[in-house]
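*Asks:* Quick note: the sequence shown uses the UniProt record's numbering, first residue 1, plus one each step. After the structure tokens below, expect a handful of questions from me.
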Amino acid sequence: MAAPLEKKQKTEGEEAKDVEMTEKKEVAEPPKEQEKDAKPLKGNKVGGIEFLRPDTTVNVMTSTVGDLLMAVRDNGFQYLLAGARASVGVKSGRYMFEVKIVESSSTAKYSAADPSGQYPQSLLKIGFSAAGSSLLLDSSETSASFDSEGHFSGSASHVKVSKKLYSGDVVSCLLNLDKASPNFNTISLFKGGARISQPQALPDSLKGKPLFPTVAFKCMTLHTSFGPEPICPLPFKCHMVGSALQSDAEVTKFDAPDAGEVLFPVSLPDEGSFDYLDMYLEKNPGYVEISDRAIRDWAEKSALWTRKGGAPTSNDRPEMGFGIKQLDDGYTVKGMLRALCALQQRNYVVMEVKGNLVKEERATALAPFKAAGFKTSAMVLVGPPSVEFKKRAQALTLKMKQAASDKEHNEKFEAEKKKWALAKKAKAMEKARKKALKEKEKAAKARAKTVEEARKKAAALKEGKEVEKEEEKKEEPEEEEEPEEEEPEEPEPVKGDPPTVSLTAEEKLLNFKPVVVPDLTPFALNTTFTQFSVPEKEEGFDSLKYVFLKEGAKCKKHVEEWVAARKRTARVEDVKPSAEFHASTRAWSTAVAGWRDALQKYQAKLAKKRSEKAAKEAKKKQAAAAKAKAEAEKKDGEDKKEEVVEEVEDDDDEEEEPEIDLESIDIFGVDDVKDIGGGMPLYKEFAHEDWALLSLAFELHALGHSFKRDVKDEERNMIHVDHLDFYYEKYFKKPLSPKSYGVDSLRDVVGLVNDVVYINGKGVLENCFQEELESYQVFVKIAEEARRFRRIRIDLGEEAAVLKIAVQHGSQQHHGQKRTWKPPLRAPKGPSPQDE
């Protein structure tokens with residue numbers, strides 16, 4: 001039986017091998033070409049094809065001869081794609097165009113100077129796109145293309161379909177819109193006349209639309225050919241786009257203006273700046289946006305990646321994060337872009353929220369375009385917006401709200417589904433555990449039965465008895481266990497459609513979409529908003545367009561009121577402590593050192609008195625003991641020479657210092673807080689929390705007055721409580737933390753010293769004393785009064801009166817100097833001289 005089995009196995013192995021070879025052969029052999037030779041065209045044909053100015057990116061350079069396309073490769077532009085779309089689009093029939101990669105100049109290397117790992121790398125995209133769409137072939141909704149890495153982009157996935165392309169290759173891109181062809185609505189790629197990609201289906205969004213030959217490239221020089229004859233004929237006859245019938249094509253027309261127009265939108269931050277720009281560009285697609293936002297988007301579409309995740313910090317200056325100096329520094333690429341734009345008569349929108357609001361920056365941006373003969377217009381967008389824009393803003397708000405609701409709904413469903421799956425798995429595991437336990441019990445019974453039978457046989461053999469064969473008993477049928485009543489399983493969660501949201505009454509009153517990403521960072525806004533203004537005719541603009549408020553005077557007043565309101569709440573980022581402030585803090589440090597020194601001397605004096613008194617008491621006790629001993633010996637009749645006992649001089653009659661009751665002292669009647677009598681300081685009972693509040697009171701007093709002087713702006717000489725910690729750290733070089741003072745907020749911190757400073761009804765820090773004081777002793781007196789009052793409240797059982805100020809140890813920054821903070825010295829426990 002072995003031989004036939006081996007033969008059978010061998011036969012099956014041979015059959016499997018044959019199948020494998022057949023499959024490999026089928027993979028190796030390309031599908032049969034289905035494209036047929038094109039028939040001669042009859043009818044009027046389109047004229048010459050060209051790349052019109054609006055259908056090329058600003059970094060594309062065309063040659064006067066040779067049909068060459070080149071891209072700018074300096075100042076960061078070597079990283080950005082250049083794009084060009086031909087003027088003739090195909091809407092029916094089958095046509096092709098060609099591109100030859102004349103030269104490619106990648107600098108693929110990594111160095112310490114380029115830590116991002118990104119380098120200028122050559123790339124070619126070739127395909128067809130819809131009119132008015134992106135020139136970078138980056139959207140599968142508006143274009144279908146192949147790239148030099150062998151990928152096809154025309155669907156949701158980015159798939160590998162062909163070999164790579166290199167310098168010297170002639171590439172042909174064929175579009176088949178012939179309804180009679182089996183490859184209808186497909187696009188194919190050829191190299192040197194040979195097919196390197198099977199026909200790829202066009203996305204549904206492109207079907208039925210005229211499609212224009214388009215290339216996007218970087219670090220390359222290209223030669224484009226639209227016919228009439230191909231450079232490299234295909235395996236079948238195919239017409240070039242340049243000889244297409246007029247009935248099969250659509251021709252783009254462009255009348256070059258005598259002078260391009262440059263618009264400068266002027267809008268207050270977070271009041272619809274970029275939303276209005278998006279609406280304007282949708283209506284006017286021929287305008288090119290010049291902004292950091294556009295540059296960042298351009299870089300991402302050029303296959304660059306950011307090293308830092310998260311949302312951009314602002315719309316006006318989004319963080320690039322590419323790790324490429326020319327792109328990240330904020331001026332190299334932008335400067336080059338503006339220089340290129342000034343050389344080309346196009347229509348531009350210079351979108352700079354901060355720059356267009358500051359007169360000096362407007363002048364800098366305007367100058368190159370005025371010199372080049374452009375028509376310049378300032379488009380002022382301040383005040384209540386138009387009805388059209390308000391409706392758009394509310395539509396965007398509703399879209400954002402719906403997206404947030406959908407996300408919440410989906411996350412909730414996923415959480416419920418996960419919970420259901422875990423519960424189902426837990427039930428299955430419990431069921432399996434119970435079944436395994438029953439099987440284990442059954443096996444244990446069987447083993448016990450076998451052991452018992454073996455024991456009986458062994459006993460019989462030992463006694464020499466014949467092992468009796470037990471009559472086979474009919475196995476009693478196992479009692480059928482009643483099936484457990486299974487718990488009904490909960491049905492799997494059904495996702496359902498997310499709820500439809502609507503705008504609230506408050507949201508319907510909004511003029512602008514709620515801010516997700518601010519137009520300006522807080523620092524940029526706070527350091528420049530005082531310079532904001534609307535453009536004047538004298539600045540050199542050819543026209544001023546007032547879009548929302550229709551009068552220049554109203555726009556100017558609106559901006560002035562906005563600036564004035566902002567001054568009341570915005571923090572002053574660039575305020576600097578003055579020399580007067582540093583002088584006052586040095587004087588304060590000297591005063592505090594003097595107070596501490598006086599306290600130490602007083603405490604040393606008390607310690608010395610206690611020591612001297614203790615020594616005298618000991619000496620008295622020693623003399624009394626010696627005298628008692630001598631008298632005892634004399635009484636016993638001993639004949640001894642009488643010992644001379646030194647009498648201790650009793651100094652009880654020494655004049656004591658007058659008793660001083662600290663609690664009865666009139667605090668504000670004290671002339672010298674360091675000595676209220678007998679060298680006793682007024683602050684004798686200060687604990688660490690009293691010293692902390694003493695310093696806090698002075699610091700907030702000094703901060704309030706110094707800020708008013710240093711800010712040099714009468715409209716901004718106030719410290720809002722929201723920015724108190726910012727200014728405190730800026731002046732004193734240390735944080736102001738409410739937790740360190742055992743409270744919850746900055747308002748509560750100020751409340752601890754409200755006899756010196758307080759927060760008024762507008763949330764602004766107010767001083768109780770003038771800046772120039774005769775002496776800093778007033779802060780000690782206020783601190784002592786607060787201590788006494790707090791002591792009374794604590795004695796009455798008021799828990800809220802107990803301070804929870806943390807004791808600071810080690811080194812800390814104080815008034816710009818590194819000092820070691822130590823808890824204040826206190827009098828040792830025990831009776832004081834006044835108590836004795």
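Ideal placement from N, C-alpha and C gives every residue a C-beta, glycine not left out.
Could you give the first and the last residue of the continuous beta strand (DSSP E) run that contains A216?
*Replies:* Working through the sequence shown from its first residue, we reach residue 216 at position 216. First-last of the beta strand (DSSP E) with A216: L211 to K218.
*Asks:* Excluding the five sequence neighbours on either side, which residues of its own chain have a C-beta within less than 6 Å of the C-beta of K91, listed in chain order?
*Replies:* Reading the sequence shown from its first residue, position 91 is the one you call residue 91. Excluding sequence neighbours, K91 sits near P210 and E250.
*Asks:* To the nearest whole angstrom, what separates the beta carbons of E784 and L682, a pair I think is in contact under 8 Å?
*Replies:* By one-based count along the sequence shown, residue 784 stands at place 784. By one-based count along the sequence shown, residue 682 stands at place 682. That pair is a contact at about 6 Å.
*Asks:* Ordered along the chain, which non-local residues of its own chain (more than five positions away) have a Cβ less than 7 Å from that of K508?
*Replies:* Residue mapping note: residue 508 aligns to position 508 of the sequence shown, counting from 1. Once the five neighbours on either side are set aside, the close Cβ partners of K508 are Q394.
*Asks:* According to DSSP, T376 sits in a beta bridge with which residue or residues?
*Replies:* Looking up residue 376 in the sequence shown gives position 376. DSSP, once it has assigned bridges, lists V262 as partnering T376.
*Asks:* Tell me the DSSP bridge mates of T221?
*Replies:* Indexing the sequence shown from 1 puts residue 221 at position 221. Paired residues: M70 and E103.
*Asks:* With DSSP as the reference, identify every bridge partner of E766, one or two as the case may be.
*Replies:* Locating residue 766 in the sequence shown gives position 766, where the first residue counts as 1. Its beta-bridge partners are Y758.
*Asks:* Can you tell me whether DSSP reads V572 as helix, strand or coil?
*Replies:* Looking up residue 572 in the sequence shown gives position 572. The answer is coil: DSSP assigns V572 none of H, G, I, E or B.
*Asks:* Tell me the residue span of the beta strand (DSSP E) that contains D169.
*Replies:* Translated into positions along the sequence shown, residue 169 becomes position 169. From DSSP, D169 is part of no beta strand (DSSP E); its letter is neither H nor E.
*Asks:* Taking buried to mean at least 16 other C-beta atoms within 10 Å of its own C-beta, is F523 buried or exposed?
*Replies:* Counting from 1 along the sequence shown, the entry for residue 523 is found at position 523. The residue in question, F523, is exposed, as its Cβ has fewer than 16 Cβ neighbours within 10 Å.
*Asks:* Pair every Cβ in the region 217-228 with every Cβ in the region 57-68, then say whether three or more of these pairs are closer than 8 Å.
*Replies:* In short, these stretches touch, since the Cβ pair count reaches three.
*Asks:* When we look at the beta-carbon of H701 and count the other beta-carbons within 10 Å, is it buried (16 or more) or exposed?
*Replies:* In the sequence shown, counting from the first residue as 1, residue 701 sits at position 701. The residue is buried, with at least 16 neighbouring Cβ atoms inside 10 Å.
*Asks:* I need the DSSP call for L281, collapsed to helix, strand or coil.
*Replies:* Residue 281 sits at position 281 when you count from the first residue of the sequence shown. Of the three classes helix, strand and coil, the one that applies to L281 here is helix, per DSSP.
*Asks:* Can you check which of these residues, K45, A256 and P499, is closest to G242 by C-alpha distance?
*Replies:* Against the sequence shown, residue 242 aligns to sequence position 242. Checked all of K45, A256 and P499; the closest Cα to G242 is K45.
*Asks:* How many angstroms separate the CA atom of K629 from the CA atom of A618?
*Replies:* What you label residue 629 is simply residue 629 of the sequence shown in a count that begins at 1. What you label residue 618 is simply residue 618 of the sequence shown in a count that begins at 1. Cα to Cα, the separation comes out at about 17 Å.
*Asks:* Assuming G335 is part of the beta strand (DSSP E), what are its boundary residues?
*Replies:* Here residue 335 is taken as the residue at index 335 of the sequence shown, counted from 1. Careful: G335 lies outside any beta strand (DSSP E), inside the alpha helix (DSSP H) at T332 to A342.
*Asks:* Residues in its own chain within less than 8 Å of T397 by CB, not counting five upstream and five downstream?
*Replies:* Position 397 of the sequence shown, counted from the start, is the residue given in the question as residue 397. Closer than 8 Å at Cβ, skipping near neighbours: L503, E507, L510, K513 and P514.
*Asks:* Whole angstroms is fine: what's the gap from K457's alpha carbon to A436's?
*Replies:* Taking the sequence shown and counting its residues from 1, one reaches residue 457 at position 457. Taking the sequence shown and counting its residues from 1, one reaches residue 436 at position 436. Each residue's Cα considered, the two are about 32 Å apart.
*Asks:* Give the straight-line distance between the Cα atoms of G150 and E271, rounded to the nearest whole angstrom.
*Replies:* Translated into positions along the sequence shown, residue 150 becomes position 150. Translated into positions along the sequence shown, residue 271 becomes position 271. Near 45 Å, if we compare the C-alpha coordinates of E271 and G150.
*Asks:* Leaving out five residues on either side along the sequence, give the residues of the same chain with a beta carbon under 6 Å from the beta carbon of R788.
*Replies:* In the sequence shown, counting from the first residue as 1, residue 788 sits at position 788. Hits under 6 Å: none found.
*Asks:* Return the bridge partner residues of F532 from the DSSP annotation.
*Replies:* As a first step, residue 532 is located in the sequence shown; it is residue number 532 there, counting from the start. In the DSSP output, where bridge partners are listed per residue, F532 has V358.
*Asks:* Does the Cβ of L422 have 16 or more other Cβ atoms within 10 Å, making it buried, or fewer, making it exposed?
*Replies:* In the sequence shown, residue 422 corresponds to position 422, counting from 1. Flag for L422 reads exposed.
*Asks:* Compute the Euclidean distance between the alpha carbons of L81 and A553, then round it to the nearest angstrom.
*Replies:* Walking along the sequence shown from the start, residue 81 turns up at place 81. Walking along the sequence shown from the start, residue 553 turns up at place 553. Distance between the alpha carbons of L81 and A553: 44 Å.
*Asks:* Note down the Cα distance separating A697 from P498, rounded to an integer number of angstroms.
*Replies:* Position 697 of the sequence shown holds residue 697. Position 498 of the sequence shown holds residue 498. C-alpha separation (whole angstroms): 56 Å.
*Asks:* Could you tell me which residues DSSP pairs with K45 in its beta bridges?
*Replies:* Taking the sequence shown and counting its residues from 1, one reaches residue 45 at position 45. DSSP lists L245 as partners of K45.
*Asks:* Which same chain residues end up closer than 6 Å to M104 when comparing Cβ atoms and leaving out the 5 residues on each side of it in sequence?
*Replies:* Numbered from 1 along the sequence shown, position 104 holds the residue referred to as residue 104. According to the sequence displayed, residue 104 carries Ser and not Met. Closer than 6 Å at Cβ, skipping near neighbours: S122, S167 and M220.
*Asks:* Along the beta strand (DSSP E) that carries K191, what are the first and last residues, could you check?
*Replies:* In the sequence shown, counting from the first residue as 1, residue 191 sits at position 191. Here the beta strand (DSSP E) through K191 covers T186 to K191.
*Asks:* Which residue or residues does DSSP assign as beta-bridge partners of E560?
*Replies:* What you label residue 560 is simply residue 560 of the sequence shown in a count that begins at 1. For E560, which the question treats as bridged, DSSP gives no partner whatsoever.
*Asks:* Measure the C-alpha to C-alpha separation of A687 and S775 and round it to an integer number of angstroms.
*Replies:* Here residue 687 refers to the residue found at position 687 of the sequence shown. Here residue 775 refers to the residue found at position 775 of the sequence shown. One C-alpha to the other measures close to 22 Å.
*Asks:* Let me check one thing: in DSSP terms, what residues is V159 bridge-paired to?
*Replies:* Sequence index remark: in the sequence shown, residue 159 carries index 159 (1-based). In DSSP, V159 forms a bridge with F152.
*Asks:* Can you look up A587 in the DSSP assignment and give me helix, strand or coil?
*Replies:* Along the sequence shown, one-based indexing puts residue 587 at 587. Of the three classes helix, strand and coil, the one that applies to A587 here is helix, per DSSP.
*Asks:* Measuring CA to CA, which of A625, V534 and D275 is closest to K359?
*Replies:* Along the sequence shown, one-based indexing puts residue 359 at 359. Nearest option by C-alpha distance: V534.
*Asks:* Compute the Euclidean distance between the alpha carbons of G797 and G742, then round it to the nearest angstrom.
*Replies:* Taking the sequence shown and counting its residues from 1, one reaches residue 797 at position 797. Taking the sequence shown and counting its residues from 1, one reaches residue 742 at position 742. The straight-line gap from Cα to Cα measures roughly 19 Å.
*Asks:* Taking the DSSP output, what are the residues bridged to R790?
*Replies:* By one-based count along the sequence shown, residue 790 stands at place 790. BP columns for R790 are empty, so no partner.
*Asks:* Residues in its own chain within less than 6 Å of D690 by CB, not counting five upstream and five downstream?
*Replies:* Along the sequence shown, read from residue 1 onward, the residue named residue 690 stands at position 690. Cβ within range, chain order: A783 and R787.
*Asks:* With DSSP collapsed to three states, give me the class of K734.
*Replies:* Along the sequence shown, read from residue 1 onward, the residue named residue 734 stands at position 734. Note: K734 maps to coil in three-state DSSP.
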